[in-house]
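Peer 1: If you're matching positions, the sequence shown starts at 32 in the numbering used here and goes up one per residue. Just so you know, even glycine gets a beta-carbon here, dropped at the ideal spot from N, CA and C. All figures in this text were calculated on a predicted structure; none of them were measured in a lab. Got a structure for you, written out below as structure tokens; questions coming shortly.
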Amino acid sequence: MLREGRATLPIAVAVQPIAVDDPRAGFVFAWTDEAGFHRLWAAALFHRCLDGYDATLLLWESGLDTEALAHCRIAFEHLLSFAWVVADRTDITRPLRIDRHGVGFAEKQVAEMASYTGLSERRPYQVGLALGVNTSDLPPPPGAQDLCSLLDDELLPRLEAMARTGMSFSAWYSRVYRGASAFVHPTPAGIDPLIERASGTIEIAPSRARPPGLLETVATQLRTVLHIANTAAPWLVEGRVP
């Protein structure tokens with residue numbers, strides 16, 4: 032059902048018209064208005080959430096359990112950014128801060144590559160508003176732990192079904208973000224599921240441990256993504272862009 036739903040969610044965001052021969056035409060998303068820019072990021076992050084949980088399930092079905100745990104953490108990071116952006120549709124600085132941080136990261140990467148390869152070409156990451164994203168005083172978005180605290184205060188009270196379960200974004204941070212970090216980085220906990228111990232031997236093989244609770248976590252977080260969309264950005268699921 033997840034994959035069928037993902038395939039039926041094309042979302043169009045209106046932009047200011049630019050002539051085809053205008054050199055800015057390749058950067059058309061740089062010329063949305065503030066409302067369109069906010070919706071652009073909301074829709075893209077929404078899709079990344081759905082795709083992230085889809086990828087987690089595909090890895091699980093393939094028996095790559097430790098990789099599924101690692102990718103669940105990636106999906107959760109996108110859930111946090113999506114929730115933060117749509118929690119206040121009037122705050123254009125939220126997607127701008129994500130955008131500026133990403134552009135800064137890309138610029139740093141190009142500089143590092145140039146020191147090794149002599150290449151200095153700047154990749155055209157022109158998603159941001161033409162003026163806003165190029166200002167240098169935009170702070171980076173909050174870190175994952177701070178985002179969870181902010182969302183617990185700002186958004187959780189509006190998500191009654193989630194609140195009734197006693198679950199919170201901060202609890203997920205501990206269980207999913209921190210809990211799965213061992214599977215993202217080279218750690219003893221990350222390789223332990225691959226080790227089979229027997230008398231006098233140790234065998235290394237892809238994990239088939241089926242870590243408990245992963246499917247339940249994916250299902251709960253996916254429901255939360257859809258509930259957030261219904262609550263804070265219903266146009267994402269209704270198909271009617273405001």
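By Cβ distance, which residues of its chain are closer than 8 angstroms to residue 258, with the 5 residues on each side in sequence left out?
Peer 2: Around residue 258: 190, 192 and 193.
Peer 1: Please classify residue 170: is it buried, with 16 or more other beta-carbons within 10 angstroms of its beta-carbon, or exposed?
Peer 2: The residue in question, residue 170, is exposed, as its Cβ has fewer than 16 Cβ neighbours within 10 Å.
Peer 1: Which two residues bound the contiguous beta strand (DSSP E) that contains residue 70?
Peer 2: Not the beta strand (DSSP E): residue 70 falls in the alpha helix (DSSP H), residues 65 to 92.
Peer 1: Output the distance between the C-alpha atoms of residue 229 and residue 74, rounded to the nearest integer angstrom.
Peer 2: Looking at the two C-alpha atoms, the distance is approximately 50 angstroms.
Peer 1: In this structure, how does DSSP classify residue 104 when only helix, strand and coil are distinguished?
Peer 2: Here residue 104 sits in helix by DSSP.
Peer 1: So what does DSSP say about residue 226, is it helix, strand or coil?
Peer 2: Looking at residue 226 - three-state DSSP - the assignment turns out to be strand.
Peer 1: In chain order, what residues of the same chain have a beta carbon less than 8 angstroms from the beta carbon of residue 188, not counting five sequence neighbours either side?
Peer 2: These residues qualify, in order along the chain: 194.
Peer 1: For residue 83, which residues of its own chain have a beta-carbon under 6 angstroms away from its beta-carbon, when the five flanking residues on both sides are left out?
Peer 2: Cβ within range, chain order: 105, 106 and 109.
Peer 1: Could you compute how far the alpha carbon of residue 202 sits from the alpha carbon of residue 182?
Peer 2: Each residue's alpha carbon lies about 12 angstroms from the other.
Peer 1: Can you grab the Cα-Cα spacing for the pair residue 100 / residue 120, in whole Å?
Peer 2: Taking the straight line joining both Cα atoms gives about 31 angstroms.
Peer 1: Roughly how many whole angstroms lie between the Cα atoms of residue 129 and residue 267?
Peer 2: Taking the straight line from one Cα to the other gives about 20 angstroms.
Peer 1: How should residue 65 be labelled, buried or exposed, when 16 other C-beta atoms within 10 angstroms of its C-beta is the threshold for buried?
Peer 2: The residue in question, residue 65, is exposed, as its Cβ has fewer than 16 Cβ neighbours within 10 Å.
Peer 1: Which residues in the same chain as residue 180 place their Cβ atom closer than 7 angstroms to its Cβ, once the five residues preceding and following it in sequence are excluded?
Peer 2: If we look at residue 180 and ignore the five residues flanking it on each side, its Cβ neighbours are 201.
Peer 1: Could you round the C-beta distance between residue 175 and residue 263 to whole angstroms and report it? I think they count as a contact, below 8 angstroms.
Peer 2: That belief does not hold up - the Cβ atoms of residue 175 and residue 263 are roughly 19 angstroms apart, past 8 angstroms.
Peer 1: Would you identify the three-state DSSP class for residue 123, choosing helix, strand or coil?
Peer 2: If DSSP states are grouped into helix, strand and coil, residue 123 belongs with coil.
Peer 1: The beta strand (DSSP E) with residue 232 in it runs from where to where?
Peer 2: 232 to 235 is the extent of the beta strand (DSSP E) around residue 232.
Peer 1: For residue 168, which of helix, strand or coil comes out of DSSP?
Peer 2: In the structure shown, residue 168 sits in coil (DSSP, three-state: anything other than H, G, I, E or B).
Peer 1: Mapping DSSP to helix, strand and coil, what is residue 193?
Peer 2: In the structure shown, residue 193 sits in a helix (DSSP, three-state: H, G or I).
Peer 1: Suppose the cutoff is 8 angstroms on Cβ atoms and the five residues either side in sequence are ignored; what does the same chain contact list for residue 226 look like?
Peer 2: Cβ within range, chain order: 233, 234 and 235.
Peer 1: Please go through the same chain and pick out, in chain order, the residues whose beta-carbon is closer than 7 angstroms to the beta-carbon of residue 185, but skip the five residues on each side of it.
Peer 2: Cβ within range, chain order: 118.
Peer 1: Looking only at its own chain, which residues have a Cβ that is under 7 angstroms from the Cβ of residue 208, when we skip the five neighbours before and after it?
Peer 2: For residue 208, where only same-chain residues beyond five positions count, the Cβ hits under 7 angstroms are 104, 107 and 175.
Peer 1: If you follow the alpha helix (DSSP H) that residue 263 is part of, which residue opens it and which one closes it?
Peer 2: It spans 245 to 263 - the alpha helix (DSSP H) in which residue 263 sits, taken as one unbroken run.
Peer 1: Whole angstroms is fine: what's the gap from residue 215's alpha carbon to residue 221's?
Peer 2: Straight-line Cα distance between these residues: approximately 8 angstroms.
Peer 1: Rounded to the nearest angstrom, how far is the Cβ of residue 224 from that of residue 97, given a contact under 8 angstroms?
Peer 2: Going by Cβ atoms, the distance from residue 224 to residue 97 rounds to 5 angstroms, so yes, they are a contact pair.
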